[in-house]
Structure formats: C-alpha cells, structure tokens
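K.L.:
Chains as they are written, first to last, in our numbering: chain A, 268 to 600; chain B, 268 to 600.
Number of protein chains: 2
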Amino acid sequence: MLKGHQSWIFDSKPIIISSGVVGGPFEAQGPLAKDFDFLHEDIMLGQDSFEKAEKKLLEQACETAINKANMKKEDVQFFISGDLMNQIISSSFAARTLGMPYLGVFGACSSAVEGLSLGALLIDSKSAKYVLAGASSHNASAEKQFRYPTEYGGQKPPTAQWTVTGAGVVLIASQGVGPRVTSATIGRVVDMGLSDPFNMGGAMAPAAVDTMEAHFRDLGVDPSYYDLIATGDLGRVGHNIAGDLLTNHGINIPKEKLTDCGLLIYSEKQPVFAGASGCGCSATVTFGHFLNRMKKGELKRILIVGTGALMSPLSYQQKESIPCIAHAVSIEM
Amino acid sequence: MLKGHQSWIFDSKPIIISSGVVGGPFEAQGPLAKDFDFLHEDIMLGQDSFEKAEKKLLEQACETAINKANMKKEDVQFFISGDLMNQIISSSFAARTLGMPYLGVFGACSSAVEGLSLGALLIDSKSAKYVLAGASSHNASAEKQFRYPTEYGGQKPPTAQWTVTGAGVVLIASQGVGPRVTSATIGRVVDMGLSDPFNMGGAMAPAAVDTMEAHFRDLGVDPSYYDLIATGDLGRVGHNIAGDLLTNHGINIPKEKLTDCGLLIYSEKQPVFAGASGCGCSATVTFGHFLNRMKKGELKRILIVGTGALMSPLSYQQKESIPCIAHAVSIEM
C-alpha cells in the first residue's frame with residue numbers, strides 16, 4: 268500500500284524464509300566470512316570467463332536459498348534479479364538455468380534492494396506465493412567492463428572502491444518463519460554533478476540521504492525506530508559525506524547506528540581503498556550478515572538503503588555526471 | 268492477484284489515461300506515422316550523440332503523456348522504464364530529468380511490457396496512484412552497441428531486423444478514462460540454442476509461444492477471447508516460426524488475429540529486412556497504434572506479447588546462445 272509519496276507499507280509483512288549467500292576468495296579473508304553459505308577459493312569458479320563465474324555465483328546462491336527452504340524451484344513463482352553486467356547477463360543466464368518466470372531489474376548496486384522491494388510487494392499483494400530476489404557482482408568482470416581488466420594492474424586513487432565477488436539471494440513468502448519485510452521506499456535519481464568514476468561513494472551519498480529523508484517522512488518514523496541503518500556501498504568517503512548531509516538536513520543518527528555494507532565486508536588490512544562496492548556488496552552483507560544478526564536476536568529492526576550509480580562507461584566518456592539512486596527497505600524480526 | 272502459476276489478474280483494471288509516443292525520420296515514412304505524437308526529422312534530435320538523442324526521445328514521450336493527462340510530474344509516484352543501452356542509461360538519465368521515484372527494469376525488447384505489467388500491478392495493489400511506464404530504443408545507438416556503427420554501412424542478412432528509433436510511454440492510473448490493463452503473464456527464459464544475433468526473431472519465437480501458452484492456461488481463456496494478439500518484435504522469420512509452433516502446440520489463432528509489432532511499423536518498401544525490433548518497437552506500436560485503434564472502437568480486447576533477446580555482445584563472443592523471454596499483458600476497452 269502506498270504510504271506518503273514514494274513508500275510502500277507491507278501490511279502482511281512478507282517473510283524472508285531463507286537466503287543464499289556466496290562469495291569469492293577475497294571475501295573469505297574478510298570479517299564476515301562466516302556469514303557466507305559458500306566461499307570459493309577459485310575466483311573463476313571453474314568457468315572459462317569471469318562473466319560465467321559471476322553467473323555461477325548467482326545460480327549457487329539461488330539453489331542454496333531454495334534448498335535451505337526445502338523447496339523445489341517449480342514452487343517459486345518469480346525470480347527478480349539484477350547485476351552490473353551489460354544487459355544484466357548474469358541474472359538473465361541464471362534465470363535460464365532456473366527456468367522460473369523472471370523479472371530483470373537494473374538499479375546498479377541498488378538492484379538487490381530494488382528486487383527485495385518488488386518481491387515483497389508481489390507477496391504482499393498476493394501476486395505471488397514465493398519470490399526469489401537477489402543480485403550479484405564479480406570483481407574481475409566489473410573491473411573489466413567499467414574500468415580496466417584486473418590483469419593490467421592499473422593504479423587507483425584512495426577514493427576508489429573494491430567490487431565484491433558475491434551473490435546474495437532471498438526467498439520471500441507469505442507464510443513461514445524468518446525476518447519480515449515491512450516497508451520500502453523507492454528513490455529518485457539524484458545527481459550533484461560529480462563525474463569521477465573512482466569516487467562513486469561520494470556521488471551516491473546525496474541519493475542515500477534523499478531516500479532516507481523520504482522514508483522517515485513517508486512512514487512518520489525517525490531513525491530511533493531502527494536498531495541499525497545501513498547504506499549499500501558508499502564506502503568511507505561516501506559514508507562520511509552522508510553523515511554530514513544527514514546532520515545538515517536535521518536527521519540525527521547516532522554514529523554507532525549508521526553503517527555501510529561497503530565498510531563491513533573487508534578488514535582494514537585488505538587493500539580495498541575506500542571500501543567495497545558492487546551489487547554483491549549490499550546483497551551478501553544484508554542477506555548474510557544482517558539477517559544472521561537478526562536471527563541471533565542482536566538486531567530487531569533494520570533499514571537497508573541500497574545505493575546505485577547509474578552511469579555507464581559510455582555516459583562517462585560523453586562527459587555526463589553520475590546519476591545516483593537509493594532504495595530503502597525495512598526488515599523487522 | 269496471482270492466477271495460475273505466472274499470471275496476474277488486475278481486479279481493479281488499471282486505466283491507461285494517456286500515452287506519449289515519439290519516433291524518428293524513418294518511422295515517419297512508415298504506415299503508422301499518424302499514431303505518433305511527435306516525429307523527428309533529425310535522427311540526432313539536436314543532440315551531440317545517438318545515446319543522448321535516445322534519452323531525448325524518452326523524455327519527450329514522458330512529457331507528452333504527462334501533459335496529455337493535464338498533470339504535473341510531481342503527481343506521478345513512479346517511473347518504470349528500460350532500454351537496450353548498457354546500464355539502461357536512456358531510462359536512468361530520463362529519470363534524472365523527471366525527478367520521479369524510479370524503478371529500472373531490463374527485459375531487452377520486452378521492457379515496455381515488463382514495465383506496463385509492473386505498473387498495472389502497482390496501481391492494482393494500491394501501491395501507487397499514478398505510474399509512468401515505458402521504454403525506448405534508437406537505431407543508431409543500438410547498432411553501434413550491439414553490431415557495428417551505422418556509418419560503417421555493414422551488410423546484413425535477410426533475417427536481420429531494423430531497430431526502431433522511438434519511445435513509447437503510458438500513464439497508468441486507478442481512476443480516469445481509457446483502455447484498461449486486465450492481466451499480465453510473466454515469462455520464463457526460453458533458449459532453444461540459437462546463437463545468430465542477426466536472427467533474433469527466430470530465437471525469440473519459442474519464448475513468445477511459451478508465454479502465450481501460459482497465459483491461456485493460467486487465465487482459462489482461449490485465443491478467441493482477444494480481437495488481436497500481437498507479439499513484440501519477432502519480425503517475418505520469427506512470426507512464421509511462432510505460427511507453426513502455436514499450431515504444433517494445439518493453439519489455433521486465426522492468421523488475421525495474430526500479428527507482430529515488428530511487421531506493422533514499417534512499409535514493405537522500407538529496407539528493414541525481416542521487420543522491426545528494439546524496445547521502441549512494441550512500445551510505440553502498442554502505446555500509439557493499438558491504443559488508438561481501441562479508442563476508435565476497432566479493437567476491444569488485445570493481448571500484447573513483448574519479446575526480448577537477453578544476450579549481450581559479450582555473451583555472444585563467449586559462444587553463448589540467446590536466452591529469450593516474453594511477457595504478455597492484456598488490455599481491454
């Protein structure tokens with residue numbers, strides 16, 4: 268049900284009955300390794316291209332979520348997925364393997380939250396009994412497409428972020444046990460004129476703040492309602508900017524309550540510049556780490572603000588700035 | 268509401284209160300020219316790149332739909348759009364101009380029908396009062412990205428199709444006057460192993476038939492329920508294959524009732540090989556020509572089966588076949 272101008276309240280509180288979270292070797296060295304269902308030692312996953320490896324990550328995350336719920340893929344009505352690859356081939360080829368009715372979405376690194384929001388809406392409106400929603404990214408496939416092949420060993424500035432090799436998927440249902448999706452806020456495109464593809468966090472921060480502001484306004488709640496508010500992949504630079512902007516907009520979120528998935532998945536010792544990014548960042552951290560913390564009783568109410576930079580290499584070459592978006596979804600135990 | 272395994276029935280019958288349909292100089296020479304709101308003589312639309320011209324087409328279609336409904340963009344809750352460009356930049360940059368909450372979708376040339384289906388679902392579930400949904404393509408931006416820049420003058424086989432330069436958008440509402448969206452069927456990915464990017468119609472035909480079959484089964488209707496059934500962009504080759512496949516599957520649709528948007532938009536004299544394609548094909552023909560025919564009373568019930576080839580140049584280079592999808596939506600007067 269529409270609430271305010273751009274938010275949905277899910278009266279039936281759709282349930283996340285299972286999740287599948289898969290990562291690569293670099294994620295295995297990070298502090299959240301135990302929150303993954305599978306961690307691959309081989310960044311190729313035995314495939315002959317990085318793109319096929321990414322598809323494999325997503326397929327395995329889907330299989331895991333379905334298996335953990337003791338279901339068959341035939342029982343699931345819809346698969347909603349997005350990724351960073353041109354024409355979202357990771358999602359579409361995984362959809363071919365799954366054979367489920369499929370809705371492709373694109374919100375760059377906000378795709379997992381866009382998919383979760385739409386999936387919860389399908390359940391809440393009785394348009395589906397079971398929906399599988401997720402997203403993936405792969406460090407080497409993303410670097411190759413957006414910047415340079417990793418084999419070139421190009422240098423990066425400290426504002427750059429490290430694309431997560433990982434896929435995160437949730438199975439959402441009208442019945443069952445698990446954390447519940449209670450609302451979603453769909454973001455507007457915000458573009459403050461930044462055009463540096465090595466500073467995505469800085470570009471995306473205003474979009475994250477715009478959506479948080481809309482969420483609190485539409486739902487009539489303030490940040491104290493949540494135990495944790497996590498942006499998707501602002502990294503250190505964007506996280507600090509978002510903190511300042513929130514203060515300027517009169518939204519006070521205690522430092523210990525506001526975090527960013529891109530700051531959690533890797534350790535300080537890993538050479539990830541300003542933090543992590545990629546569709547797989549918010550997908551694996553939210554559907555793995557945060558849901559686990561909710562199940563352990565450490566968190567009761569969380570707000571995930573998936574952030575996305577909607578540029579392409581071509582729009583950058585044509586001197587366009589970076590249009591950014593953020594979608595927010597609240598999950599409660 | 269879910270009906271069968273993969274269809275939605277929209278009990279409230281969301282209303283298409285207005286549309287905006289914009290094309291280029293080649294579309295102006297076609298038999299449906301009078302169904303466009305604007306036709307541009309300049310394929311660049313005064314922009315300095317084909318991609319910016321495509322964005323402009325989409326922006327103008329959006330503006331037109333909003334203006335025709337005597338509304339302001341602030342009154343519209345959500346913009347749902349997709350296109351063929353990498354990272355769907357036409358949609359995302361148009362969303363930046365519009366400033367509306369935005370859901371990016373990708374179903375290749377099925378994107379307009381995917382957006383219309385989701386838009387109708389948002390209205391039907393009271394998750395929005397007004398939704399703008401559409402898609403765009405541009406012949407030169409698509410050729411450049413998927414095949415060769417048009418300036419090269421490369422030759423093509425007779426199975427090739429001509430990407431439409433056009434954008435089609437509808438404004439969907441819970442109240443008002445106009446054709447109504449009554450149901451949607453979300454398709455599965457179907458891939459019969461074809462890998463020739465110059466024969467998309469042939470590759471997509473089985474997906475179109477799979478979705479039509481699901482639609483008739485889920486809704487418990489047969490083709491006689493509709494005055495017209497139109498696939499998106501199968502072209503001549505795919506249209507003939509789809510006809511044969513339907514017969515093989517025991518689905519009998521009279522020849523005069525089954526058509527394809529890709530066969531209607533250009534004349535026999537235009538050098539378009541097997542017909543038209545592109546996100547703008549089903550978007551402009553459906554939201555322009557078919558809706559006009561409905562308003563004139565010539566058609567009462569139509570089924571639009573948007574078709575999409577979900578490959579990328581990279582998946583083709585990696586020897587993958589073409590995963591295809593089709594989504595169907597019924598519109599009734």
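Think of the CB as a built atom: it goes at the ideal place given N, C-alpha and C, for glycine as much as any other residue.
Nothing here was measured: the structure is a model prediction, and the numbers come from that model.
Between A/S358, A/F465, A/P590, which lies nearest to A/G502 when the distance is taken from Cα to Cα?
P.N.:
With distances taken between Cα atoms, A/G502 lies closest to A/F465.
K.L.:
Apart from the five residues just before and just after B/A409, which ones in its own chain have a Cβ nearer than 7 Å to its Cβ?
P.N.:
If we look at B/A409 and ignore the five residues flanking it on each side, its Cβ neighbours are L351, T430, G545.
K.L.:
Starting from the Cα of A/F413, find the closest Cα among A/A427, A/A402, A/A400, A/G401 and give me that residue.
P.N.:
Minimum Cα distance to A/F413 is reached at A/A427.
K.L.:
Excluding sequence positions up to five away, which residues of its chain have a Cβ less than 7 Å from the Cβ of B/I520?
P.N.:
Closer than 7 Å at Cβ, skipping near neighbours: P490, I496, L513.
K.L.:
Could you pull the start and end residues of the alpha helix (DSSP H) that B/C548 belongs to?
P.N.:
Where B/C548 is concerned, the enclosing alpha helix (DSSP H) stretches over 546 to 551.
K.L.:
Counting C-beta neighbours from all protein chains within 10 Å, is the total for B/Y369 16 or more, i.e. buried, or is it exposed?
P.N.:
Looking at its Cβ environment, which holds 16 or more other Cβ atoms inside 10 Å, B/Y369 is buried.
K.L.:
So with Cβ pairs under 8 Å, would you call A/S359 a contact of chain B?
P.N.:
Yes, because at least one Cβ of chain B sits closer than 8 Å to the Cβ of A/S359.
K.L.:
Applying the criterion that 16 or more other CB atoms from any shown protein chain within 10 Å of the CB defines a buried residue, is A/G421 buried or exposed?
P.N.:
By the 10 Å Cβ count, A/G421 comes out exposed.
K.L.:
Let me confirm a value: A/H594 is counted as buried when at least 16 other C-beta atoms fall within 10 Å, else exposed. Which label applies?
P.N.:
So A/H594 ends up on the buried side.
K.L.:
Skipping 5 residues on each side, what residues in its chain have a beta carbon closer than 6 Å to that of B/P281?
P.N.:
Counting only Cβ-Cβ distances below 6 Å, and skipping sequence neighbours, we find A387, I390, D391, I439, V448.
K.L.:
Short of 7 Å Cβ to Cβ, which residues in the segment 324 to 346 of chain B face chain A?
P.N.:
Within the segment 324 to 346 of chain B, the residues whose Cβ lies closer than 7 Å to some Cβ of chain A are Q344, F345, listed in chain order.
K.L.:
What's the gap between the Cα of A/V398 and the Cα of A/F346?
P.N.:
So the two alpha carbons sit approximately 6 Å from each other.
K.L.:
Below 8 Å between beta carbons: does that hold for A/V343 and A/I355?
P.N.:
Not a contact, by the Cβ cut-off of 8 Å.
K.L.:
When burial is assigned at 16 or more other CB atoms within 10 Å of the CB, is A/Y533 buried or exposed?
P.N.:
Buried, because 16 or more other Cβ atoms sit within 10 Å of the Cβ of A/Y533.
K.L.:
Buried or exposed: where does B/K536 fall if 16 or more other Cβ atoms within 10 Å of its Cβ makes it buried?
P.N.:
Answer is exposed; the Cβ neighbour count stays below 16.
K.L.:
Inspect the beta-carbon positions of A/I276 and A/G291 and report whether they are closer than 8 Å.
P.N.:
Contact: no.
K.L.:
Please state whether the Cβ-Cβ distance between A/F373 and B/G371 is less than 8 Å.
P.N.:
Going by C-beta atoms, A/F373 is nearer than 8 Å to B/G371.
K.L.:
Which residues does DSSP pair with B/R447 in a beta bridge?
P.N.:
For B/R447, which the question treats as bridged, DSSP gives the partners B/I282, B/E599.
K.L.:
Between the alpha carbons of A/V444 and A/I284, how many angstroms are there, rounded?
P.N.:
In a straight line, the C-alpha of A/V444 is about 6 Å away from that of A/I284.
K.L.:
To which residues of the same chain is A/K322 closer than 6 Å at the C-beta, ignoring the five residues directly before and after it?
P.N.:
Around A/K322: S357, F360, A361.
K.L.:
What residues of chain A sit near B/F372, judged by a beta carbon separation below 8 Å?
P.N.:
Note on residue identity: the sequence assigns Val, not Phe, to residue 372 of chain B. Within chain A, the residues near B/V372 are L370, G371, V372, F373.
K.L.:
Does any residue of chain B have a CB that is nearer than 8 Å to the CB of A/L366?
P.N.:
The sequence as given places Gly at residue 366 of chain A; Leu does not occur at that position. A/G366 counts as touching chain B.
K.L.:
Relative to chain A, which residues along the segment 437 to 469 of chain B have a C-beta separation below 7 Å, given in chain order?
P.N.:
Of all residues in the segment 437 to 469 of chain B, I453, G454, R455, V456, D458 have a Cβ within less than 7 Å of some Cβ in chain A.
K.L.:
What's the C-alpha gap between A/L324 and A/G401?
P.N.:
Their backbone Cα atoms lie some 11 Å apart in a straight line.
K.L.:
Pop quiz: B/F303 and B/E294 are said to be a contact at Cβ under 8 Å. What is the actual Cβ separation, rounded to whole angstroms?
P.N.:
B/F303 to B/E294, Cβ: 7 Å. Contact.
K.L.:
Which of the three DSSP states, helix, strand or coil, is assigned to A/R363?
P.N.:
If DSSP states are grouped into helix, strand and coil, A/R363 belongs with the helices.
K.L.:
Can you list the residues of chain B that A/H362 reaches, using a CB-CB cut of under 9 Å?
P.N.:
According to the sequence as given, residue 362 of chain A is Ala; it is not His. Within chain B, the residues near A/A362 are R455, V456, L577, P590, I592.
K.L.:
Would you verify that the beta carbon of B/A379 is, or is not, closer than 8 Å to some beta carbon of chain A?
P.N.:
Output row for B/A379: interface = no.
K.L.:
Could you please give the first and the last residue of the uninterrupted beta strand (DSSP E) stretch that includes B/R568?
P.N.:
Taken as a continuous stretch (DSSP letters only), the beta strand (DSSP E) holding B/R568 covers 568 to 576.
K.L.:
Do A/S597 and A/C376 count as a contact pair if the criterion is CB distance below 8 Å?
P.N.:
No, the pair does not count as a contact, with Cβ atoms beyond the cut-off.
K.L.:
Closer than 9 Å by beta-carbon distance: list the chain B residues that pair up with A/S316, in chain order.
P.N.:
Within chain B, the residues near A/S316 are L581, Q585.
K.L.:
Given a threshold of 16 other Cβ atoms within 10 Å of its Cβ, counted over all protein chains shown, does A/P416 qualify as buried or as exposed?
P.N.:
Flag for A/P416 reads exposed.
K.L.:
Confirm, please, whether the CB-CB distance from A/V380 to A/I571 is below 8 Å.
P.N.:
Cβ atoms of A/I571 and A/V380: closer than 8 Å.
K.L.:
Are any of the Cβ atoms in chain A nearer than 8 Å to that of B/M311?
P.N.:
False, the Cβ-Cβ gap to chain A never drops below 8 Å.
K.L.:
Suppose you measure from the CA of A/G542 to the CA of B/F317; what does that come to, to the nearest Å?
P.N.:
Between A/G542 and B/F317, the C-alpha separation is close to 35 Å.
K.L.:
List the residues of chain B whose Cβ lies closer than 9 Å to the Cβ of A/H272, in chain order.
P.N.:
By Cβ distance, chain B contributes E341, Q344, P368.
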